[in-house]
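There are 2 protein chains.
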Amino acid sequence: MFSDKLSLPTITDVQTAARRLQGVAHRTPVLTSRTANELMGAEVFFKCENLQRMGAFKFRGAYNAMAALDAAQRQAGVVCFSSGNHAQAVALSGQLLGVATVILMPQDAPPLKLSAVRQYAAGNAALGVTGPSEVILYDRFKDDREAMMEHLARERGLTRIPPYDHFDVVAGQGTAALELLQDVGPLDALYVCLGGGGFLAGSAVVAKGLHPAMAVYGVEPLAGNDAQQSLAAGHVVRIDTPQTIADGAQTQSIGEINFALISKTVDAVRTVTDAALVDAMHFFAERMKMIVEPTGALAWAGALADGASGASGAAAALRGKRIGVMISGGNVDLGTFSRLMAERQQSRDKV
Amino acid sequence: MFSDKLSLPTITDVQTAARRLQGVAHRTPVLTSRTANELMGAEVFFKCENLQRMGAFKFRGAYNAMAALDAAQRQAGVVCFSSGNHAQAVALSGQLLGVATVILMPQDAPPLKLSAVRQYAAGNAALGVTGPSEVILYDRFKDDREAMMEHLARERGLTRIPPYDHFDVVAGQGTAALELLQDVGPLDALYVCLGGGGFLAGSAVVAKGLHPAMAVYGVEPLAGNDAQQSLAAGHVVRIDTPQTIADGAQTQSIGEINFALISKTVDAVRTVTDAALVDAMHFFAERMKMIVEPTGALAWAGALADGASGASGAAAALRGKRIGVMISGGNVDLGTFSRLMAERQQSRDKV
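Next up, the structure:
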């Protein structure tokens with residue numbers, strides 16, 4: 018089913034990561050909403066990683082991977098690429114662990130994320146850690162960020178901390194679902210957003226590891242359904258960079274480790290439109306008083322598509338059940354957030 | 018010091034309210050922010066009542082007061098007036114307890130609050146509870162809402178559930194601070210917003226009841242510093258309806274019960290400008306991914322004014338301490354929220 022050369026994290030690795038993250042990551046709250054329950058005809062538990070440090074679950078994986086480095090690796094520093102949240106996660110972890118960071122970011126990354134990463138990197142330099150802490154911009158549609166990372170790693174002896182296709186990163190991401198299940202007990206279904214697949218893979222390892230009967234669903238943007246295609250094809254399918262407001266899911270393919278885990282543990286992958294993401298963001302803002310970034314709203318949009326559609330088989334299967342929804346992050350510029358909410362209102366006023 | 022005719026709630030009454038609210042109100046999360054700690058040079062704990070049911074702490078007091086009614090009172094129904102959050106709280110509590118509600122709201126109340134109250138009231142009627150569940154609008158600057166309420170109470174035999182000057186309402190509001198102290202242990206100082214004074218009074222009862230050395234500060238809008246004036250005068254001072262974006266604090270005076278408790282237990286009352294409220298709202302949105310209404314941002318704005326001002330005596334007194342900040346609610350229209358954030362950005366771009 019998948020390459021047996023790959024070393025895949027298990028629930029034990031997630032539990033190890035949870036111990037490393039104790040007192041470092043926030044134990045984020047699990048929130049509920051009567052309106053959400055009514056919409057779904059089910060009991061919904063939202064794990065709020067938008068309230069995590071640096072505003073996203075990505076801190077868990079990056080910190081876990083960097084805390085696992087040996088002394089020589091820490092001394093030399095690390096390199097990564099990311100559209101934003103992983104970049105912030107690596108920069109913040111570098112600051113906390115005293116490790117120099119080189120971070121490749123797309124030049125069209127959200128300004129909020131760019132400035133946050135630069136702030137963390139500056140903090141890093143102020144700590145006097147060995148080597149440079151710097152941010153390097155690339156063109157998302159032209160440059161080969163992986164080749165750039167390889168070059169930097171070789172030239173400077175840096176350890177790669179990839180955003181998702183990495184044993185310790187995936188184990189770290191799984192700690193959010195572990196906390197959710199510890200807090201609320203067994204669930205019938207879990208919805209998780211999906212870009213590179215690390216959050217979904219880590220969450221699925223936990224869900225199936227603790228409660229094998231639990232259904233696990235990935236949700237990705239309709240504009241980039243590479244995971245759906247990959248599961249259908251039985252191997253990782255690579256697509257063009259998708260055009261979607263879910264900037265954290267603008268990945269061209271899921272990771273090999275993640276594909277191996279997802280094809281083994283995930284029940285199905287759903288897709289949702291950008292309009293459905295904006296609706297879900299509006300729900301979080303108006304009903305739950307939270308700011309959620311477009312990627313962070315994927316899981317709820319996917320759950321709603323399954324559960325609120327009335328007569329469908331998916332809705333019937335969820336009725337009366339206990340459902341977990343992972344909110345991955347909240348790092349959206351307030352200007353962008355306001356624009357998306359205003360455009361939604363305008364298009365509804367027209368109808 | 019205050020009228021001994023008044024019956025004042027104690028920590029025991031708050032504990033009774035906490036038992037009534039168990040499983041009905043959300044136990045809202047206590048969140049922290051590294052940036053907040055850095056700004057204050059202290060450890061800050063935010064009690065997030067914007068994440069409470071119907072988006073504000075007001076649910077606690079209203080539900081507690083209505084759950085304490087006898088069978089005949091429940092049968093006859095209740096009446097209240099409110100600029101919004103208390104109205105939603107009474108309407109929702111009526112729905113949960115099967116009690117008819119008549120709610121007086123200012124015609125310029127935020128549209129989000131008006132529509133939410135109407136939805137709860139409609140749900141009430143659908144439950145087939147005795148008597149009408151209705152919303153009556155009044156002119157905040159012309160009508161005498163208290164006289165209107167008295168008239169309705171007499172004519173229809175309704176029990177008054179005032180928004181703040183009420184034994185059981187104050188006891189219910191205190192449960193939020195009780196949860197905060199249960200969750201994080203003793204604090205050195207607590208900041209609480211202040212309109213009619215019920216939230217501050219209830220919180221202070223808890224703080225001084227559990228930890229007498231804890232400092233308690235009220236924070237009200239500079240445009241309406243009636244509580245500050247009242248403490249200075251030694252009696253309740255009544256002012257014109259203040260013009261401030263903090264619609265929940267557009268009260269003309271604090272309640273008699275609240276004045277008695279506040280003058281006995283609160284160390285000082287601070288005032289902040291509307292601009293400081295917008296800055297605090299921006300902090301919550303950008304750094305903590307939460308939507309907080311202007312009134313809900315009062316306590317943090319007041320704490321920042323004390324703590325972030327560097328050399329002042331207040332800042333020195335807070336340095337290295339453990340500080341609680343009560344966020345009272347998140348019920349702000351998204352359009353208003355976006356406009357406030359955009360205007361703030363524009364005025365900063367000009368500088």
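Heads up: the sequence lines are chains A and B, in that order.
Under our numbering, the first residue of the first sequence is numbered 18, with each subsequent residue one higher.
Under our numbering, the first residue of the second sequence is numbered 18, with each subsequent residue one higher.
Think of the CB as a built atom: it goes at the ideal place given N, C-alpha and C, for glycine as much as any other residue.
As the structure is a computational prediction, the values presented were derived from the model and not from experiment.
Report yes if the C-beta distance between residue i and residue j is below 7 Å; otherwise report no.
i	j	result
Ala34(A)	Gly189(A)	yes
Met122(B)	Ala104(B)	yes
Val233(A)	Ala224(A)	yes
Gly346(B)	Ala73(B)	yes
Thr290(B)	Leu239(B)	yes
Lys306(A)	Asp205(A)	no
Val186(B)	Ala218(B)	no
Leu357(B)	Val309(B)	no
Val116(A)	Val96(A)	no
Val253(A)	Phe276(A)	yes
Asn67(B)	Ile344(B)	yes
Val31(A)	Leu195(A)	yes
Ala334(B)	Trp317(B)	no
Arg77(A)	Leu114(A)	no
Val283(B)	Gly235(B)	yes
Asp160(A)	Ile274(A)	no
Ala79(B)	Ala106(B)	yes
Round the Cβ separation of residue i and residue j to the nearest angstrom and send it over; I've been treating them as touching at under 8 Å.
i	j	result
Cys65(B)	Thr52(B)	That pair is no contact at about 16 Å.
Thr49(B)	Cys210(B)	Not confirmed; about 19 Å, so no contact.
Met83(B)	Gly40(B)	Their Cβ separation, rounded to whole angstroms, is 16 Å, which puts Met83(B) and Gly40(B) out of contact at 8 Å.
Thr265(B)	Ser100(B)	At residue 265(B) the sequence reads Gly, which differs from the Thr that was named. Right, their Cβ atoms sit about 6 Å apart.
Val201(B)	Phe62(B)	5 Å
Gly330(A)	Gly272(A)	Wrong, their Cβ atoms sit about 31 Å apart, outside the cutoff.
Ser280(A)	Leu248(A)	6 Å
Gly241(A)	Gln199(A)	Contact flag wrong, Cβ pair sits at about 32 Å.
Ala359(B)	Ser355(A)	6 Å
For residue i, count neighbouring C-beta atoms within 10 Å of its own C-beta (all shown protein chains included) and say buried if the count is 16 or more, exposed if not.
i	result
Arg36(A)	exposed
Arg336(B)	exposed
Ser24(A)	exposed
Phe158(A)	exposed
Pro203(B)	exposed
Pro180(B)	buried
Asp257(B)	exposed
Lys367(A)	exposed
Gln260(B)	exposed
Gln69(B)	buried
Val349(A)	buried
Thr29(A)	exposed
Pro26(B)	buried
Helix, strand or coil for residue i per DSSP?
i	result
Phe354(B)	helix
Lys281(B)	helix
Tyr137(A)	helix
Val96(A)	strand
Tyr80(B)	helix
Ala206(B)	strand
Asp231(A)	What sits at residue 231(A) in the sequence shown is Met, not Asp. In this structure, Met231(A) counts as coil in the three-state DSSP scheme.
Val286(A)	strand
Ile153(A)	strand
Ile308(B)	coil
Gly265(B)	helix
Arg171(A)	helix
Gly111(B)	helix
Ala73(A)	strand
Ile178(A)	coil
Ile120(B)	strand
Ignore the nearest five residues each way along the sequence and tell me which others in residue i's own chain have a CB closer than 7 Å to its CB.
i	result
Leu131(A)	Met122
Gln362(A)	none
Ala322(B)	Arg287, Val289, Ala293
Asn54(A)	Glu60, Val61
Regarding residue i and the ligand FAD, is the C-beta to nearest heavy atom distance less than 6 Å?
i	result
Val107(A)	Within the structure as shown, the ligand FAD is missing, as the structure has no ligands at all.
Short of 6 Å in beta carbon distance, which residues of its chain neighbour residue i, apart from the five on each side in sequence? Order them along the chain.
i	result
Tyr137(A)	Ala108, Leu109, Gln112
Arg162(A)	Phe98, Leu121, Tyr155
Ile153(B)	Leu121
Phe19(A)	Unreliable placement is indicated for Phe19(A), whose pLDDT of 41 sits below 50; no coordinate value is reported for it.
Spatial neighbours of residue i within its chain, please: CB distance less than 8 Å, with the 5 preceding and 5 following residues excluded, ordered by chain position.
i	result
Thr176(B)	Leu86, Gln90, Ala93, Gly94, Val95, Val96, Ala170
Gly251(A)	Ser280
His228(A)	Leu198, Pro203, Leu204
Just to make sure I have the definition right: I need the residues of chain E whose C-beta is within less than 7 Å of the C-beta of residue i. Which are they?
i	result
Leu86(B)	No chain E appears in the structure shown, which is made up of the protein chains A and B.
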